[in-house]
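Visitor: To start, I am sharing the structure in question, which I have written as structure tokens.
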Amino acid sequence: MCDCDCHKNYNLDTLIPLVGVITDIKEQTPDVKTFRVNALEGGKLFEHKPGQCAMLCAPGVSEGMFSITSSPTNKEYQEFSIKRCGQLTEYLHSLKVGDQITVRGPYGNNFPVDTELKGKNLLFIAGGIGLAPLRSVINYVIDNRQDYGTVDILYGSRSADDLVGLDEIQNVWMNTPGINVHLTIDREQEGWDGHVGFVPSYLRELEFSNDKTVLVCGPPIMIKFVLQGLQEMGFTKEQVYTTLELRMKCGVGKCGRCNIGSKYVCKDGPVFRFDEIDELPNEY
Amino acid sequence: MKKIAKSNLSALFAKINETKDLYVPVKNGEQVNFAAYSEEAEVDLTALKTVKSPKDAFFPQSENLYTCFNEQGKISITPEELQDKDFVVFGMKACDIKGIEVLDKVFLSEPVDSFYAARRQHGIIVGLACDKPEESCFCTVFGINPAEPTADVAVYDDEDFLYWNALTEKGNALTETLCDLLEDADNTAVENKKKEITAIAEKLPYANLSLEGWNGDALTEKFDSPIWEELYKPCLACGTCTFSCPTCQCYDIKDYNTGNGIKRYRCWDSCMYSDFTMMAHGNNRTSQMQRFRQRFMHKLVYFPANNDGMYSCVGCGRCVDKCPQNLNIVKVIKAFEKGGKA
Chain A
1 MCDCDCHKNY NLDTLIPLVG VITDIKEQTP DVKTFRVNAL EGGKLFEHKP GQCAMLCAPG
61 VSEGMFSITS SPTNKEYQEF SIKRCGQLTE YLHSLKVGDQ ITVRGPYGNN FPVDTELKGK
121 NLLFIAGGIG LAPLRSVINY VIDNRQDYGT VDILYGSRSA DDLVGLDEIQ NVWMNTPGIN
181 VHLTIDREQE GWDGHVGFVP SYLRELEFSN DKTVLVCGPP IMIKFVLQGL QEMGFTKEQV
241 YTTLELRMKC GVGKCGRCNI GSKYVCKDGP VFRFDEIDEL PNEY
Chain B
1001 MKKIAKSNLS ALFAKINETK DLYVPVKNGE QVNFAAYSEE AEVDLTALKT VKSPKDAFFP
1061 QSENLYTCFN EQGKISITPE ELQDKDFVVF GMKACDIKGI EVLDKVFLSE PVDSFYAARR
1121 QHGIIVGLAC DKPEESCFCT VFGINPAEPT ADVAVYDDED FLYWNALTEK GNALTETLCD
1181 LLEDADNTAV ENKKKEITAI AEKLPYANLS LEGWNGDALT EKFDSPIWEE LYKPCLACGT
1241 CTFSCPTCQC YDIKDYNTGN GIKRYRCWDS CMYSDFTMMA HGNNRTSQMQ RFRQRFMHKL
1301 VYFPANNDGM YSCVGCGRCV DKCPQNLNIV KVIKAFEKGG KA
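Keeping their order, the protein sequence lines are chains A and B. Residue 1 is where the first sequence starts when you use our numbering, and the numbers rise one by one after that. Residue 1001 is where the second sequence starts when you use our numbering, and the numbers rise one by one after that.
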């Protein structure tokens, strides 16, 4: 278990959820909505660290693990960006402001924002909904700007309509000193005058210096070619972090589902460094 | 050391049952399994192994976690009550007791599973030394002594008497409540019995099975071995091995709509099943070879890696007895020892 004190307020078993209320829904792309969740009495359900996850449940429908996309520096609420792709997410997308769900967590480890990432030049690379876990870190870094070096964000999607949180990217991130945002979409599109091309090839074009610490999230195929590109640019695996995702039920390393070798993604992950992933058996 | 005449056992069970729930091996048709004691129950202390392990006294096959009500969009949650009454499991064998120690590593590690912890707190185990360990038994390979159940009370069946030796505070307290029924005894009969059991255990066909090379450090070497591909093929993915196993801990969490709320329950699951790791995003163990490998790697490599070398197998031999395809952990260990098919 992580060394945080997240569970100190739990009088109950961690399998017993809290009730949360949806207080805002942003339709970000045709298939991604960002849900704002509050405790019934207002405020946050619990504290978390960037990269941690929570189990969201529509009682009687299903339950699933989602990364908490808001930064812990946000003191008012937590947000979850959810792509519609299965039974549970389909149902969550049908919910309205004021509807209640159950939430338990936070689960898992976090990006090492207070240790290994401190003072480093950071490069965030995300594809599609893969921005969700990184957004938590990016906003944490923005709110603690003095603790980190330069920040580059490379973000790509299928089309301009599929870029999650474009509002915040253009109005907040692009206006923060020392933060460079590089956007790309897969194919030409009317009204888009930015870069066109896949994330791994744009990465090569950008010719970043290899002194950066990299956080990458996105589809497995993107991650694979991004890692190849980074290595060709002289980055080592010790410099690159990502998150893994496997089926989970309990969230606390007991139900036996999400292990890769002797590591449980819910408890020992979801954040792994690539040299750590190399030590795991090839079963993820 | 105490003893009681076996002819008087029903009085002992009735006395325990006055204040506590009592689980005993009960014969039902051809099978013996642990069940709640009643006067009508056909208690059978002669069966060496129950078909199902007694782990569900602590980790039930199915248990409710909470009830969720949704009234006009307002959700409320009522957690299930934790076990708060003492209960006795009478007649557990040394291997199955060690199986509970394995489950302790899972459920009592942080964050503690409070449902399991409450049952462990209130459960009193009366262990019964194995009368005659049989061919499929290999508990000694895991350092377990079938003559010394590490329970709250160790009990020995010797002809007309049951010898009773309290080993813990819980055991002493239970003994205290039964003082009218138990009489003092000397150790001679029990010491002889232990020697008999040990002599049998030493001669069992799997007694010399070697675990050399099976540990947390062997992960990559064992995982990548071509032997799995040779071994798994007969596996039907029926899950019998996991459901009869005293250490298998995998569980599922599900909802049941009662019409008056949603019951959230958990139940045993099996890593042998094809949908065990399936999700909308994909599945990381799509072949039966991968699932087969997962089960044995977990017991012999992953679990020791996380638990100071402790294996997640206790050599009870149920999988040896029950697998319809005659696949089991002994076969796996032997195949690796020979570097190919056993």
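Glycine included, each C-beta is placed from N, C-alpha and C at the ideal position. What you are looking at is a predicted structure, and each value in this text was computed from that prediction instead of being measured.
Listed from N- to C-terminal order along the chain, which residues in the segment 1104-1131 of chain B have their beta-carbon within a distance smaller than 7 Å of any beta-carbon of chain A?
Guide: Within the segment 1104-1131 of chain B, the qualifying residues are VAL1106, PHE1107, GLU1110, PRO1111, ASP1113, SER1114 and PHE1115.
Visitor: At 8 Å on the CB atoms, spell out the chain B contacts of GLY127(A), in chain order.
Guide: Those within 8 Å of GLY127(A) in chain B number zero; the least Cβ separation is about 14 Å.
Visitor: Starting from TYR284(A), find everything on chain B with Cβ-Cβ shorter than 8 Å and list it in chain order.
Guide: Those are ASN1284, listed as they occur along chain B.
Visitor: Go ahead and label GLU291(A) buried or exposed: buried means 16 or more other beta carbons lie within 10 angstroms of its beta carbon, across all protein chains shown.
Guide: The structure shown has nothing for residue 291(A), since chain A only spans 1 to 284.
Visitor: Could you compute how far the alpha carbon of PRO200(A) sits from the alpha carbon of ILE142(A)?
Guide: PRO200(A) and ILE142(A): Cα-Cα distance of roughly 25 Å.
Visitor: Please tell me whether THR1277(B) has its Cβ less than 8 Å away from any Cβ of chain A.
Guide: Yes, because at least one Cβ of chain A sits closer than 8 Å to the Cβ of THR1277(B).
Visitor: Per DSSP, which residues does MET55(A) bridge with? Please list them.
Guide: Looking at the DSSP assignment, MET55(A) forms a beta bridge with MET65(A) and ARG104(A).
Visitor: Have a look at the DSSP bridge pairing and note the partners of ASN1028(B).
Guide: GLN1031(B).
Visitor: Whose C-alpha, out of VAL1106(B), PRO1304(B) and GLY1261(B), is nearest the C-alpha of VAL61(A)?
Guide: The shortest Cα separation from VAL61(A) among VAL1106(B), PRO1304(B) and GLY1261(B) belongs to GLY1261(B).
Visitor: What residue from VAL21(A), LYS96(A), PRO30(A) and GLY51(A) has the CA that sits closest to GLY128(A)'s CA?
Guide: Checked all of VAL21(A), LYS96(A), PRO30(A) and GLY51(A); the closest Cα to GLY128(A) is PRO30(A).
Visitor: Less than 8 Å separating the beta-carbons of GLY194(A) and ILE101(A)?
Guide: Against a cut-off of 8 Å, the Cβ pair of ILE101(A) and GLY194(A) comes out as no contact.
Visitor: Would you say PHE1087(B) reaches chain A, if we count a Cβ-Cβ gap shorter than 8 Å as a contact?
Guide: No, no contact with chain A.
Visitor: Give a yes or no on whether the C-beta atoms belonging to GLY1029(B) and CYS1137(B) are separated by under 8 Å.
Guide: Their beta carbons are not under 8 Å apart, which means GLY1029(B) does not touch CYS1137(B) by this criterion.
Visitor: Report the rounded CA-to-CA distance for THR1078(B) versus ILE1200(B), giving the unit in angstroms.
Guide: Answer to the nearest angstrom: the Cα atoms are 52 Å apart.
Visitor: Among PHE198(A), GLY269(A) and LEU244(A), which has the Cα closest to the Cα of MET222(A)?
Guide: Comparing Cα positions, the closest option is PHE198(A).
Visitor: Give a yes or no on contact between the segment 1121-1134 of chain B and the segment 1082-1099 of chain B, applying the rule of three or more CB pairs nearer than 8 Å.
Guide: With the cut-off at 8 Å, the segment 1121-1134 of chain B and the segment 1082-1099 of chain B touch.
Visitor: Do LEU18(A) and ALA58(A) have their CB atoms nearer than 8 Å?
Guide: No, the pair does not count as a contact, with Cβ atoms beyond the cut-off.
Visitor: Could you name the residues of chain B that THR242(A) contacts, counting a contact when the two beta carbons are closer than 8 Å?
Guide: Simply none; closest approach about 15 Å.
Visitor: Strictly under 8 Å for the Cβ-Cβ distance: is LYS1074(B) near chain A by that measure?
Guide: Cβ-Cβ to chain A under 8 Å: yes for LYS1074(B).
Visitor: For chain B, check one thing: does any of its Cβ atoms lie closer than 8 Å to the Cβ of PRO270(A)?
Guide: Not one chain B Cβ lies under 8 Å of PRO270(A).
Visitor: Which runs of the alpha helix (DSSP H), 4 residues or longer, sit entirely within the segment 139-226 of chain A?
Guide: Listed in chain order, they are 166-171 and 199-206.
Visitor: Taking the straight line between their C-alpha atoms, what separation do you get for ASN9(A) and PRO177(A)?
Guide: For ASN9(A), the predicted model reports a pLDDT of 39, less than 50, meaning its position is unreliable and no value from the coordinates is stated.
Visitor: What did DSSP end up calling PHE235(A) once you bin it into helix, strand or coil?
Guide: Correct three-state label for PHE235(A): coil.
Visitor: Reducing DSSP to helix, strand and coil, say where GLY1340(B) ends up.
Guide: The answer is coil: DSSP assigns GLY1340(B) none of H, G, I, E or B.
Visitor: I need the DSSP call for ILE25(A), collapsed to helix, strand or coil.
Guide: Residue state, collapsed to three classes: strand.
Visitor: Closest to MET1326(B) by C-alpha separation, out of ASP1056(B), LEU1236(B), ILE1144(B) and LYS1263(B), would be which residue?
Guide: For the record, residue 1326(B) in the displayed sequence is Asn; it is not Met. Ranking the options by Cα distance to ASN1326(B), first place goes to LEU1236(B).
Visitor: Tell me which residue opens and which closes the beta strand (DSSP E) that GLU79(A) is part of.
Guide: It spans 78-83 - the beta strand (DSSP E) in which GLU79(A) sits, taken as one unbroken run.
Visitor: Are the segment 229-246 of chain A and the segment 204-217 of chain A touching, with three or more C-beta to C-beta distances below 8 Å?
Guide: The segment 229-246 of chain A is in contact with the segment 204-217 of chain A.
Visitor: Within the continuous beta strand (DSSP E) that includes MET1310(B), where are the two ends?
Guide: Premise fails: MET1310(B) is in no beta strand (DSSP E) and is neither H nor E.
Visitor: Any beta carbon from chain B within less than 8 Å of GLN78(A)'s own beta carbon?
Guide: No, GLN78(A) does not count as interfacial toward chain B.
Visitor: Give me the residue from ARG1318(B), PHE1087(B), TYR1066(B) and GLN1031(B) with the minimum Cα distance to ILE1124(B).
Guide: Per the Cα distances, PHE1087(B).
Visitor: Looking at C-alpha atoms only, which residue of LYS118(A), ALA126(A), ASP99(A) and TYR148(A) is the closest neighbour of PHE225(A)?
Guide: Checked all of LYS118(A), ALA126(A), ASP99(A) and TYR148(A); the closest Cα to PHE225(A) is ALA126(A).
Visitor: Using alpha carbons as the reference points, say which of PHE124(A), ILE185(A), THR115(A) and GLY105(A) lies closest to MET65(A).
Guide: Nearest of PHE124(A), ILE185(A), THR115(A) and GLY105(A) to MET65(A), Cα basis: GLY105(A).
Visitor: When Cβ atoms are compared, which residues of the segment 14-43 of chain A fall closer than 7 Å to chain B?
Guide: The segment 14-43 of chain A vs chain B, Cβ under 7 Å: THR14, LEU15, ILE16, PRO17 and VAL19.
Visitor: Considering only their Cβ atoms, is the gap separating LYS1020(B) from SER1244(B) smaller than 8 Å?
Guide: It is not a contact, given that the beta carbons lie outside the stated cut-off.
Visitor: Mapping the DSSP letters down to three states, classify VAL1088(B) as helix, strand or coil.
Guide: Three-state DSSP puts VAL1088(B) in a strand.
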